[in-house]
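Worksheet: the structure to be examined is printed underneath.
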Amino acid sequence: MAKIADRLTRLQFGHWGDVKPIGEGVSELRIDVGPGYRVYAFQRNRTWVVVPGGGDKSSQRRDIEAALLLARELRNAD
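Using the working numbering, you'd call the opening residue of the sequence shown number 20 and step up by one each time.
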């Protein structure tokens, strides 16, 4: 978990590392530790929003669907 926290801290300074767009403006941050953790984020105005949840390689398809849904809901909350 320390690697994930470190990665999120580096985001604050614009250091994205291994990132892949997954659609609808949402990106997957891949963290190469353990089972291959994933964190999802999207840009809202000039701010990057980390989507609650995430997962690892084994649940990737399900996690992406959930991240896209949550990103839509967060965008529509305005």
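Virtual Cβ for every residue (Gly too), placed ideally from N, Cα, C.
Original post:
Should residue 47 be labelled buried (16 or more other beta-carbon atoms within 10 Å of its own) or exposed?
Top reply: buried
Original post:
DSSP three-state call for residue 79: helix, strand or coil?
Top reply: helix
Original post:
Straight-line CA distance for residue 26 to residue 65?
Top reply: 19 Å
**OP:** Would you decide whether residue 70 is buried or exposed? Buried here means 16 or more other CB atoms lie within 10 Å of its CB.
**Re:** Buried: at least 16 other Cβ atoms inside 10 Å.
Subject >> Nearest neighbour of residue 42, chosen from 95, 84, 52, 92 [CA to CA] >> reply: The candidate whose alpha carbon is nearest that of residue 42 is 84.
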